[in-house]
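Using the numbering used here, the first residue of the first sequence is number 1, and each one after it goes up by one.
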Amino acid sequence: MKEQLKNLLDQALSSFAEKNAIDSPLTHIQIERTKDKSHGDFASNIAMTLAKAAKMNPRQIAADIIDLIPHADFIEKVEIAGPGFINFFLTAEANQQVIKDIFDKNDQYGLSNVGQAKKVQIEFVSANPTGPLHVGHGRGAAYGSVVSSLLKAVGFDVHREYYVNDAGRQMDILATSVWLRYLDACGEVFTFPSNGYKGEYVHQIAEQLKTEYNHQFLHPASDVFEGITADEPDGGDKELHIDDLTNNAKRLLGDKNYRIIFDKGISEILGDIRNDLAEFGTEYDQWFSERSLMESGDVDKAVEVLKSSGKLYQEKGAWWFKSTDYGDEKDRVVIRDNGQPTYFASDIAYHLNKYQRGFDHIIDIWGADHHGYIARVKASVEAMQQDADKLSVLLVQFAVLYRGTEKVGMSTRSGEFVTLRELRKEVGKDAARFFYVMRGADQHMDFDLELAKSQSNDNPVYYVQYAHARVCSVFRQLAERGQTFNTNLALEHLDKLTESHEENLIAMLSKYPEVLETAALNYTPHLLAHYLNDLARDFHTYYNAHQFIVDDVELSHARLILISSVRQVIVNALGLMGVSAPESM
RNA sequence: GCGCCCGUAGCUCAGUUGGAUAGAGUGCCAGUUUCCGAAGCUGGAGGUCACAGGUUCGAUUCCUGUCGGGCGCACCA
1 MKEQLKNLLD QALSSFAEKN AIDSPLTHIQ IERTKDKSHG DFASNIAMTL
51 AKAAKMNPRQ IAADIIDLIP HADFIEKVEI AGPGFINFFL TAEANQQVIK
101 DIFDKNDQYG LSNVGQAKKV QIEFVSANPT GPLHVGHGRG AAYGSVVSSL
151 LKAVGFDVHR EYYVNDAGRQ MDILATSVWL RYLDACGEVF TFPSNGYKGE
201 YVHQIAEQLK TEYNHQFLHP ASDVFEGITA DEPDGGDKEL HIDDLTNNAK
251 RLLGDKNYRI IFDKGISEIL GDIRNDLAEF GTEYDQWFSE RSLMESGDVD
301 KAVEVLKSSG KLYQEKGAWW FKSTDYGDEK DRVVIRDNGQ PTYFASDIAY
351 HLNKYQRGFD HIIDIWGADH HGYIARVKAS VEAMQQDADK LSVLLVQFAV
401 LYRGTEKVGM STRSGEFVTL RELRKEVGKD AARFFYVMRG ADQHMDFDLE
451 LAKSQSNDNP VYYVQYAHAR VCSVFRQLAE RGQTFNTNLA LEHLDKLTES
501 HEENLIAMLS KYPEVLETAA LNYTPHLLAH YLNDLARDFH TYYNAHQFIV
551 DDVELSHARL ILISSVRQVI VNALGLMGVS APESM
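Below you can see the structure in the form of structure tokens.
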């Protein structure tokens with residue numbers, strides 16, 4: 001509809017430009033939905049933007065343009081308003097067509113092909129497998145999965161990935177933590193390192209290890225702690241302390257046994273994460289292993305690419321990437337003086353790999369604390385002669401947790417965090433997802449656990465789900481009264497829908513495809529959540545103002561197909577958000 | 001100190017990329033059920049859009065500065 005109006009306006013505009021001999025600066029035509037019903041259905045500000053070039057009064061321009069607009073039978077009237085807005089009023093019949101459209105398309109209503117099947121890779125969550133996901137990851141998971149669904153809905157070919165950091169020092173610390181808890185379970189006595197992973201899940205993995213392998217990995221604590229740097233509480237250094245413990249672990253256990261424990265830790269935790277995300281309604285097409293990049297030689301290759309293009313230099317025994325050539329604050333180490341590649345090195349390789357797989361667009365969704373990382377990653381992409389514009393890094397701001405008015409601290413190491421699973425169990429998947437996605441991702445968010453956990457009606461998801469359940473209830477009522485619903489009869493009498501509540505609802509329904517497109521292209525799923533709220537409110541208002549099942553069979557049918565359309569759009573939109581639409585609650 | 005994200009109703013947040021009288025939820029006050037589900041609906045109070053300049057027909061939106069908050073600034077991930 002918007003496009004059709006645009007065409008008409010375009011024609012009027014070119015004849016206007018011809019008539020007044022304006023070298024039309026080709027300002028792209030803006031047509032918007034009106035906020036106020038008295039302003040019609042659509043409005044354009046074109047006359048105001050032309051005022052300067054045409055050297056004419058905006059209202060005069062508007063009048064001239066209106067005269068030049070070709071006749072179209074879906075337009076009721078066109079008016080000039082305010083400083084020079086052109087307001088379009090559509091015929092009731094044209095507006096009502098959306099109901100037939102929804103009826104024809106069902107779960108396809110709202111989908112489009114603006115994405116033109118372009119390939120988009122989207123990576124999100126990618127939390128280190130060193131412990132269960134916490135509520136902070138939940139926001140990224142909800143955001144990433146809904147953005148994925150939105151992009152798919154508007155015609156992109158979406159590939160969702162989780163980058164698994166299954167290599168590196170943090171994983172060694174995890175393996176060491178697991179082993180120490182295992183030794184503890186075997187009866188060895190020692191002080192657990194302050195920098196180790198202290199969560200309950202580490203004990204559980206250790207217990208499993210003991211059950212499966214008995215005393216295969218047992219070494220006396222005196223050997224384990226022999227010759228290591230003191231821990232921080234004892235006046236030493238917690239980082240050196242844990243690294244020394246890791247080295248002793250590798251030495252005492254040998255490569256083979258160490259690897260068993262290492263892999264056990266990862267597979268248990270990663271399995272838990274996969275299961276957790278699946279239950280949260282977050283699916284992936286691929287779990288991409290960092291270790292595979294190292295073992296395949298891709299990391300070395302990426303480093304070579306940079307080396308050969310002269311973007312690396314050696315200093316203090318390490319290899320540095322000249323990211324300052326591309327606007328970064330400082331150069332970054334890629335290969336440490338001990339010969340080990342940094343996390344950044346494998347990230348460079350990962351991004352090169354993404355480009356080589358031929359995606360048209362690459363989206364990284366990171367926590368806001370990683371924003372300092374954007375410059376160096378973009379720099380590396382440019383240095384490897386790739387198109388940096390293809391890469392979008394979207395930041396998800398933190399959700400600050402509260403219990404009532406009390407702030408909740410979070411630390412993975414100390415194990416005091418609230419897990420995503422815990423949240424899910426208490427609030428439910430639907431409420432948690434809706435809550436996370438309701439706010440813009442770039443907005444700091446206060447997440448009150450008390451509020452989210454309480455089963456009160458404060459939670460907006462109930463409001464939307466209730467609207468859906470109410471429609472279902474009306475159709476149940478219809479059946480109880482022994483009446484049947486005839487869609488053909490309903491579609492023939494859409495002209496009975498003349499109440500203002502009905503006009504509002506119809507306008508709201510026809511807005512849905514536009515909302516979907518805007519939300520997808522701007523990566524702003526919260527627009528969809530707000531739309532659902534508005535739609536539900538219009539429905540509830542309508543529900544209270546009018547009876548649907550009435551004696552006038554034609555009117556009754558027209559109303560029933562209208563609320564059936566509302567139900568369909570709620571189902572479609574909630575589906576994209578990964579939230580269920582129960583028939584009763 | 002430098003960089004990034006912000007500052008809108010008591011609270012939590014929208015604001016369609018610069019448009020018409022700045023909105024919603026929640027909280028508060030007052031109504032609403034012989035009627036398809038009251039987890040609903042109706043009305044009311046509540047604002048210097050942090051502050052000060054600038055850009056133009058027009059600024060909550062764009063630019064600069066100040067104040068305030070969050071997060072970064074590793075041979076960690």
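Where a beta carbon is used, it is the ideal one built from N, C-alpha and C, also for glycine.
Residue i, buried or exposed, once every other Cβ within 10 Å from all chains shown has been counted against 16
i: tyrosine 313; result: exposed
i: glutamine 465; result: buried
i: glycine 482; result: exposed
i: proline 193; result: buried
i: glycine 136; result: buried
i: alanine 581; result: buried
i: aspartate 586; result: Residue 586 falls outside the range modelled here, since the chain spans only 1 to 585, and no answer is possible.
i: asparagine 214; result: exposed
i: serine 308; result: exposed
i: valine 427; result: buried
i: serine 44; result: buried
Option in the options with minimal Cα separation from residue i
i: tyrosine 143; options: Gln465, Tyr436, Ile561, Gln385; result: Tyr436
i: aspartate 184; options: Gly110, Asp172, Ala206, Ala175; result: Ala206
i: alanine 459; options: Leu391, Asn533, Gly82; result: The amino acid occupying residue 459 in the given sequence is asparagine; alanine does not appear at that position. Per the Cα distances, Asn533.
i: aspartate 36; options: Phe539, Val553, Ser500; result: Ser500
i: leucine 111; options: Ala581, Ala573, Pro582; result: Ala573
i: alanine 81; options: Asp551, Ala117, His39, Ile102; result: His39
i: histidine 370; options: Phe398, Thr246, Glu492, Ala278; result: Phe398
i: serine 292; options: Ala230, Ala167, Gln208, Asp272; result: Ala167
i: tyrosine 163; options: Glu290, Leu516, Glu503; result: Glu290
i: proline 220; options: Met508, Gly428, Asn248; result: Asn248
i: glutamate 268; options: Lys311, Leu209, Ser296; result: Leu209
i: histidine 540; options: Lys105, Trp366, Glu502, Leu90; result: Glu502
i: arginine 33; options: Glu315, Tyr462, Lys511, Gly428; result: Lys511
i: serine 296; options: Asn353, Tyr343, Cys186; result: Asn353
i: phenylalanine 124; options: Glu161, Ala92, Lys105; result: Glu161
Contact check, residue i vs residue j, beta carbons under 8 Å
i: threonine 524; j: glycine 440; result: yes
i: histidine 468; j: arginine 567; result: yes
i: valine 120; j: valine 158; result: yes
i: lysine 264; j: valine 178; result: yes
i: alanine 558; j: lysine 496; result: yes
i: leucine 8; j: proline 70; result: yes
i: alanine 432; j: glycine 138; result: yes
i: alanine 379; j: alanine 302; result: no
i: serine 15; j: leucine 68; result: yes
i: isoleucine 561; j: phenylalanine 103; result: yes
i: phenylalanine 434; j: valine 400; result: no
i: leucine 391; j: aspartate 442; result: no
i: aspartate 223; j: leucine 253; result: no
i: phenylalanine 88; j: isoleucine 75; result: yes
i: isoleucine 46; j: isoleucine 29; result: yes
i: leucine 576; j: leucine 527; result: no
i: leucine 245; j: isoleucine 273; result: no
i: leucine 451; j: valine 408; result: no
i: lysine 311; j: aspartate 337; result: no
Neighbourhood of residue i by C-beta distance below 7 Å, restricted to the same chain and skipping five residues each side
i: glycine 415; result: For glycine 415, the predicted model reports a pLDDT of 49, less than 50, meaning its position is unreliable and no value from the coordinates is stated.
i: proline 25; result: Its pLDDT being 47, under 50, proline 25 is placed unreliably by the model, and nothing is read from it.
i: asparagine 20; result: Ala54
i: aspartate 331; result: Trp320, Phe321, Lys322, Ser323, Thr324
i: proline 513; result: Gly110, Ser112
Contacting residues, own chain, Cβ-Cβ under 6 Å from residue i (five flanking each side not counted)
i: leucine 174; result: Thr130, Tyr197, Gly265
i: threonine 419; result: Pro132, His134
i: arginine 181; result: Val202, His203, Ala206
i: glutamine 385; result: none
i: leucine 50; result: Ile61
i: leucine 341; result: In the sequence as displayed, the identity of residue 341 is proline instead of leucine. Closer than 6 Å at the Cβ level, and outside the excluded window around proline 341, lie Val299, Ile335.
i: histidine 444; result: Gln397
i: isoleucine 363; result: Ile122, Ser392
Beta-carbon proximity list for residue i, same chain, < 8 Å, skipping 5 on both sides
i: glutamine 96; result: Leu494, Asp495, Leu497, Ile506
i: proline 233; result: Ser194
| task | May I have a chain-ordered list of the beta strand (DSSP E) segments no shorter than 3 residues that lie completely inside the stretch 225-310? | result | 286-289, all fully within the stretch 225-310.
| field | Segments of 4+ residues assigned as alpha helix (DSSP H) that fall wholly inside the stretch 348-411 | value | At a cut-off of 4 residues, the continuous stretches assigned as alpha helix (DSSP H) that sit fully inside the stretch 348-411 are 374-383.
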